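Colleague:
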Amino acid sequence: MLVRLWKFINRTWRRLATGLCFAIFGIGGVILSLTALPALKLISAGNEELRQARARRLVQLTFRWFIGVMKWTGVFNFDFKAVEQLKQVKGQVIIANHPCLIDVVALISFVPNPDCVVKSHLWKNPFMKGVIKSTGYLSNEDPDELVKDCQESLEQGCNLIIFPEGTRTTPGEKIRFQRGAAHLALRTKAKVTALWVDCSPVTLIKNEMWYQAPKEKPTLSVHYLKEIDTQAYRDEEKLSIAARHLTRDLQNFYEKVLQDDRQSENRDQAVDYRVVGS
Numbered sequence: 037m038l039v040r041l042w043k044f045i046n047r048t049w050r051r052l053a054t055g056l057c058f059a060i061f062g063i064g065g066v067i068l069s070l071t072a073l074p075a076l077k078l079i080s081a082g083n084e085e086l087r088q089a090r091a092r093r094l095v096q097l098t099f100r101w102f103i104g105v106m107k108w109t110g111v112f113n114f115d116f117k118a119v120e121q122l123k124q125v126k127g128q129v130i131i132a133n134h135p136c137l138i139d140v141v142a143l144i145s146f147v148p149n150p151d152c153v154v155k156s157h158l159w160k161n162p163f164m165k166g167v168i169k170s171t172g173y174l175s176n177e178d179p180d181e182l183v184k185d186c187q188e189s190l191e192q193g194c195n196l197i198i199f200p201e202g203t204r205t206t207p208g209e210k211i212r213f214q215r216g217a218a219h220l221a222l223r224t225k226a227k228v229t230a231l232w233v234d235c236s237p238v239t240l241i242k243n244e245m246w247y248q249a250p251k252e253k254p255t256l257s258v259h260y261l262k263e264i265d266t267q268a269y270r271d272e273e274k275l276s277i278a279a280r281h282l283t284r285d286l287q288n289f290y291e292k293v294l295q296d297d298r299q300s301e302n303r304d305q306a307v308d309y310r311v312v313g314s
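If you read the sequence shown in the numbering used here, its first letter stands for residue 37, the second for the next number, and so on.
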């Protein structure tokens, strides 16, 4: 009886705390847009590249603090296993599966010099548009302009975070990658670093409301998979065919990782991942 009561209290608290965290996130975005980010513009003396770099760093530190808040309030546990392997990564496309609403926040919080492609509708979000504009995060509205912007970002040493699925993963369904990430990697001639995001038990998935907290506290883990050289694909005659082949191989690779993840009882167990395309 006491165990059931404790579980009920714990789950109710996590529901309330999740709502509080979402409120903090939204209000925090507005506060940054009205205070710290304009101040960075003043002290950057008209140097746009420097201003954006400082803004991205500020957002990264803010997201890192927000992750701490979610952990402290008992909403989530976090296990960023990929941190060490990413310390020397520079000017690469970082791809990951997209199981959870907050995985992008988690990745930005620890990926070195992060940049990301943002859906165009978020530029109109009153809580986020100021942050997005100040950081120079990239809009996907114009595909041709996006490639140019991505190239410039990578040349500046930023690591570009992309979710090839384009939307959150639906639990139980196969992974389906769009070709946008492959096109960007090939056209910018960037190396690709593959990450695996695991959220267990699943929560904040597509079409799920924030208050639908799972029975147990979820843990969000980020695992390093491998670095992928796209040269072999760029040697193909047509970019469209190369992008299709790279997308297919990435999708098959992630599907294998998903199957291994489902079969494994221990997420710390070493898995011998195959080279993509081999």
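Ideal Cβ placement from N, Cα and C applies to all residues, glycine included. As the structure is a computational prediction, the values presented were derived from the model and not from experiment.
What's the call for Gln-295, buried or exposed, on a 16-neighbour Cβ count within 10 Å?
Modeller: Counting Cβ neighbours within 10 Å, Gln-295 comes out exposed, since fewer than 16 surround it.
Colleague: Nearest by alpha-carbon distance to Thr-255: which of Pro-237, Ala-230, Glu-191, Ile-264 is it?
Modeller: Residue Pro-237 is the option with its Cα nearest to Thr-255.
Colleague: Does the pairing of the segment 77 to 95 with the segment 224 to 234 give three or more beta-carbon distances under 8 Å?
Modeller: As far as the Cβ criterion goes, the segment 77 to 95 does not touch the segment 224 to 234, which means the pair count is below three.
Colleague: To the nearest whole angstrom, what separates the beta carbons of Trp-50 and Gly-110, a pair I think is in contact under 8 Å?
Modeller: Looking at the sequence provided, one finds Arg at residue 50 rather than Trp. Indeed, because the Cβ distance is near 6 Å, the residues count as touching under 8 Å.
Colleague: Given this structure, state the Cα-to-Cα distance separating Gly-62 from Met-37, to the nearest angstrom.
Modeller: Each residue's Cα considered, the two are about 38 Å apart.
Colleague: Among Phe-289, Tyr-269, Tyr-290, Glu-273, which residue has its Cα nearest to the Cα of His-281?
Modeller: Minimum Cα distance to His-281 is reached at Tyr-269.
Colleague: Is Pro-200 buried or exposed, if buried means 16 or more other CB atoms sit within 10 Å of its CB?
Modeller: Buried: at least 16 other Cβ atoms inside 10 Å.
Colleague: Evaluate contact between the segment 146 to 159 and the segment 238 to 253, counting only Cβ atoms and requiring at least three cross-stretch pairs below 8 Å.
Modeller: Result no; under three Cβ-Cβ pairs closer than 8 Å.
Colleague: Beta carbon of Leu-128, beta carbon of Asn-83: below 7 Å?
Modeller: For the sequence presented, residue 128 should be read as Gln rather than Leu. In this structure, Asn-83 does not lie closer than 7 Å to Gln-128 by Cβ.
Colleague: Is it buried or exposed for Phe-289, if we count other Cβ within 10 angstroms and need 16 for buried?
Modeller: Under this definition Phe-289 is a buried residue.
Colleague: Is it right to say Ile-131 is buried, meaning 16 or more other beta carbons lie within 10 angstroms of its own, or is it exposed?
Modeller: By the 10 Å Cβ count, Ile-131 comes out buried.
Colleague: Report the rounded CA-to-CA distance for His-157 versus Ser-145, giving the unit in angstroms.
Modeller: Roughly 22 Å separates the two Cα atoms.
Colleague: Would you say Lys-210 faces chain B, with C-beta separation under 7 Å as the test?
Modeller: The structure shown contains no chain B; it holds only a single protein chain.
Colleague: Here's a check: name, in chain order, each residue in its chain whose Cβ is nearer than 7 Å to the Cβ of Arg-47, leaving out the five neighbours to either side.
Modeller: Excluding positions up to five away in sequence, the list reads Ala-249, Lys-251.
Colleague: What do you reckon, is the C-beta of Gly-104 under 6 Å from a heavy atom of the ligand MG?
Modeller: Within the structure as shown, the ligand MG is missing, as the structure has no ligands at all.
Colleague: For Tyr-173, which residues in the same chain have their Cβ closer than 6 Å to its Cβ, ignoring the five residues on either side in sequence?
Modeller: Hits under 6 Å: Cys-152, Val-154.
Colleague: Determine the closest residue to Arg-92 out of Phe-114, Gly-193, Leu-182, with distance taken between C-alpha atoms.
Modeller: Of Phe-114, Gly-193, Leu-182, the residue nearest in Cα terms is Gly-193.
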